[in-house]
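This report refers to the structure that appears directly beneath it.
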Amino acid sequence: ETRKNLPLIPISIDTTRKNVAEAALKAGADIINDISGLSFEPDIAETVAKYGAMLIIMHMRGTPQTMGKMCDYTNLLREINDFFDEKIDVASSFGLDPSKIILDPGIGFAKNRNQNLFLLKHVESLRVHSKPILIGASRKGFVGTVTDCADTSERLEGTLAIASICALYGVDIIRVHDIKENKRAVMMAEAIKGANYV
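Remember, the numbering used here sits 615 above the position in the sequence shown when you count from 1.
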């Protein structure tokens, strides 16, 4: 139904399950967002390949129930990049064209406040894979911690700051709740980034 109403807008479905991905892609979805990064059902990549769709591989440790206790890294950036190397190979082994892969470092998933901030500061280091980078940090817990906003609806300013930083660092996709406000923040950041003094 959504595909009929929005024929030109790419539709992304969050799932870690092959059967859900199959149904969604058959119904017209364009992207499958696997928050497990092919850890739960790796052959979901085969289904994505079958439909010629895009696959978002997100970095996460454990499960949504256990990830909060799995934030111990020796080298955060290296371990995330190693994870992506491995999962890109897995996806390829199931026949998925590597050009159909988007990488998401999983802000807030098995990362604490400081790790999330550090990852955003060094997001350019994920470019080594030559894949589009997606950041989803809108209204997340660490934004509330940094800005002292327990209410998720009060985290717009912190989210806009992240969107601006992502734009300056060349992040390809930013997933947000408040589209209009974030679009304006990104427009301003990109204008500054591209400015030349004449």
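Glycine residues also receive a C-beta, built at the ideal position from the N, C-alpha and C atoms.
Nearer than 8 Å: is that true of the beta carbon of Gly683 relative to any heavy atom of the ligand FAD? Here there are no bound small molecules, and the ligand FAD is not part of this structure.
Could you tell me whether the region 772–782 touches the region 754–764, where touching means 3 or more Cβ pairs closer than 8 Å? yes
Mapping the DSSP letters down to three states, classify Met685 as helix, strand or coil. Looking at Met685 - three-state DSSP - the assignment turns out to be coil, as it is neither helix nor strand.
Cβ-based neighbour list, Ala782, same chain, cut-off 8 Å, excluding 5 preceding and 5 following: Ile789, Ala800, Val801, Ala804, Glu805 and Lys808
Please identify the residue among Leu691, Thr630, Met675 and Ile695 whose C-alpha is closest to the C-alpha of Ile659. Thr630
Among residues of its own chain, excluding the 5 on either side of Asn696, which ones have a beta-carbon nearer than 8 Å to its beta-carbon? Ser740, Leu741, Val743 and His744
Stretch pair the region 687–706 + the region 747–755: three plus CB contacts closer than 8 Å: no
Could you tell me the boundaries of the beta strand (DSSP E) in which Gly751 lies? Leu749 to Gly751
Contacting residues, own chain, Cβ-Cβ under 7 Å from Gly756 (five flanking each side not counted): Gly723
Is the CB-CB distance between Asp712 and Ile671 below 9 Å? no
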